[in-house]
Structures are given as structure tokens and as C-alpha cells.
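Below is one structure, written out as C-alpha cells; the observations come after it.
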Amino acid sequence: MTHSPTVTLHGKVWNLVDLDIAILFCRQFDWEKKVLEDKEVSAYCEICCWELKQSENIEHSTGYFNGQDWVCSECYENLIKK
Ligand SMILES: [Zn+2]
Numbered sequence: 028m029t030h031s032p033t034v035t036l037h038g039k040v041w042n043l044v045d046l047d048i049a050i051l052f053c054r055q056f057d058w059e060k061k062v063l064e065d066k067e068v069s070a071y072c073e074i075c076c077w078e079l080k081q082s083e084n085i086e087h088s089t090g091y092f093n094g095q096d097w098v099c100s101e102c103y104e105n106l107i108k109k
């Protein structure tokens, strides 16, 4: 049995190979750190589908925005940041 590389995001273990396409897609953009505000609807991380929403929990309320899509802080820090 081979062990493919994994990454842990929000306590869940993912196989990197399953996230490859989304990571490559997201690396094309410049991301800006942003806190979701009240008026913004909830969004989902492009990579791990983590919910981003206005919340007192900064893990949920802070993400990275490219003008259209969102990624969560963990994906950004672990997978996108160069
Ligand atoms: Zn994510």
C-alpha cells in the first residue's frame, strides 16, 4: 500500500492528490485577506469547502478573496501561499 501525501485542514485529513486541481487553479490568483461582514452571504472555500461566514470564530469569518472566489485561511497558509 502506498501512502500519498496528506494535508490536515480544520482537523480533517485530505489526500493532496484530490486537491491538486483546485490548488493549481487557486494559485493563479492574488488573494487578499478579508473578514466576512454581516451583509455578505456565506461562502465556501474553493479547496476544502469549509464554510466562511460572519462569525465570532475567526476560523469561519476570515478568509482570502480574489474578487470572486474564497479560500479559507488554512488552505491559503498551507497550500497557496508561495
Ligand atoms: Zn479550505
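Just remember that our numbering sits 27 ahead of the position in the sequence shown, which is counted from 1.
Beta carbons: idealized from backbone N, C-alpha and C, even for Gly.
None of the values given here were measured: they were computed from a predicted structure.
Does the Cβ-Cβ distance between residue i and residue j come in under 8 Å?
i: V98; j: C76; result: no
i: S69; j: E83; result: no
i: Y91; j: K66; result: no
i: V44; j: S31; result: yes
i: N42; j: T35; result: no
i: Q81; j: E64; result: yes
Just checking my contact of residue i with residue j at CB under 8 Å: how many whole Å lie between their CB atoms?
i: I74; j: A49; result: 5 Å
i: L51; j: L106; result: At roughly 10 Å, the Cβ-Cβ gap does not stay under 8 Å, so L51 and L106 are not in contact.
State buried or exposed for residue i, treating a residue as buried only when at least 16 other CB atoms are found within 10 Å of its CB.
i: E101; result: buried
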